Structures are given as structure tokens and as C-alpha cells.
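For reference, the structure is listed below as C-alpha cells.
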Amino acid sequence: LIILLSSNNINQVLITMSAILSTLIGGLGGLNQTQLRKLMAFSSIAHTGWILATITIAPNISVLTFMIYTMTTTPIFLTINRTSTTMKDLGITWTNSTHLMWIMTLTLLSLGGLPPLTGFMPKWLILNKMMSTNMPIEATLMALSSMLSLYMYMRLTFMSTMTLPPNTSPTPMKWRIQHKHYITSPLLTTMTTLLLPMSPNM
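Counting from 548, one number per residue, gives the positions in the sequence shown under the working numbering.
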């Protein structure tokens, strides 16, 4: 909010360089992590770079990016809080709840900016704006650095949906007590997957 309020007094070159470095550091730092909370911390660093990218040329896009990021990470943190804390735990998420597995999968892919999910919308708008303001090199660097983050999210998705636990289980589903259901998780998951056709013209 402080950056947004003082965006008129900030050097655009400095902000753009900070944005590129943030996306690069966030992507590289997340590749070595096994703890999901640390991985989400590096994810927030990368998304901060996307928010900073247009803070001086299109603050409305930056606000939209922040709102979509908040909407996308909320169901992920709710899911992590209930099921797993490390990447190896994702392999047995389906034994706890298949619904949570699909919520985690869709939100991770949306967070990575994979089209046609909602997370692709802010990155598309930001790259479009940077190209229209004669910043092709910066836009290319941002797009390339986002590939690191996308690989990180694809790896998490693979581990949660396409791998089996290391030991065999006599029952397909684990016995579990009923947890309190969060109505926000399915609602936000729906929004993180279906809002791309409603992209504003900015």
C-alpha cells in the first residue's frame, strides 16, 4: 500500500529492475524447497515482482494482481493447514480427501499462471501493458523468470496427483475424523479457475 501511494515518486527503472529480480529470486529460491510454507514464501516474493512491474505505469493492474494472488493463496494455505506441511506429504493427500487434492491442484496451477486459469489473467495484462509501453526486453525477462515458478508449481501438482505413497496401504482411503468444512475454499477455487473470460480491458 505504501508503494502504491508513493508510486508517482518512484523511479520506474529501479522498480522494473526490482520486479525482475523478485521474480527471478522467487523462482530460483523455490526450486530447492521441500517445506511448503517456505515454498509459498518464495512464491510471494515472485508475485511481489509481478505486482511491482506495473506499479508506476498501471496501478490498477497491480491492485488486480494483488487481489487475485490473495484470492488464490487463501485456499492453498487452508489446505496446507489441514493436510500437509512438506512436499512428500502431497503424495498421500488423496488418501485424506480427494476434494482437497483437486482444490490444491487447481489452485497451484492457477498460482503458476497456467492458462486458461484465472492466475494467467494478471500476468497476461502485465506483459501486455509492458509491451505497449515499449518495454519488450523487460517483459521477456519477466516471462522467462516466471517459467521457474511454473515449474515449481507443476512439480507440486505432479507430486499431489500422479505419485503414490512409498508404502502400500490395505485400504484405499485413510480413516479420518470429520474436519470443519470451510465454505471459502470451494468458492475461491471456483474463482481461481473460471475468471479468465472476465478479464478487464486495461
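Just so it is clear, CB atoms sit at the ideal spot from N, CA and C, and this is done for glycine as well. None of these values were measured; they are calculated from a predicted model.
- Residue 559 carries a helical assignment under DSSP once its states are collapsed to helix, strand and coil.
- No residue range can be given for residue 659, since it is assigned to no alpha helix (DSSP H) and is classified by DSSP as neither H nor E.
- Ranking 685, 652 and 558 by CA distance to the CA of residue 709 puts 652 first.
- Counting every other CB atom within 10 Å of its CB across the protein chains shown gives residue 679 a total below 16, marking it as exposed.
- Our two residues, residue 559 and residue 668, have alpha carbons roughly 23 Å apart in a direct line.
- Three or more Cβ pairs closer than 8 Å define a contact, and the stretch 608-618 falls short of that threshold against the stretch 686-703.
- The continuous alpha helix (DSSP H) containing residue 675 extends over residues 667-679.
- The C-alpha of residue 594 lies about 10 Å from the C-alpha of residue 571.
- Uninterrupted alpha helix (DSSP H) stretches at least 4 residues long and entirely within the stretch 579-632 occur at 583-600 and 606-629, given in chain order.
- Distance between residue 628 and residue 598, taken at the CA atoms: about 26 Å.
- In this structure, the beta-carbon distance from residue 577 to residue 695 falls below 9 Å.
- Here residue 604 has 680 as same chain residues with Cβ atoms under 6 Å from its own Cβ, once five neighbours each way along the sequence are excluded.
- Looking at 674, 611 and 622, the one whose alpha-carbon comes closest to that of residue 649 is 622.
- Around the C-beta of residue 673, 16 or more other C-beta atoms lie within 10 Å, and the residue is accordingly described as buried.
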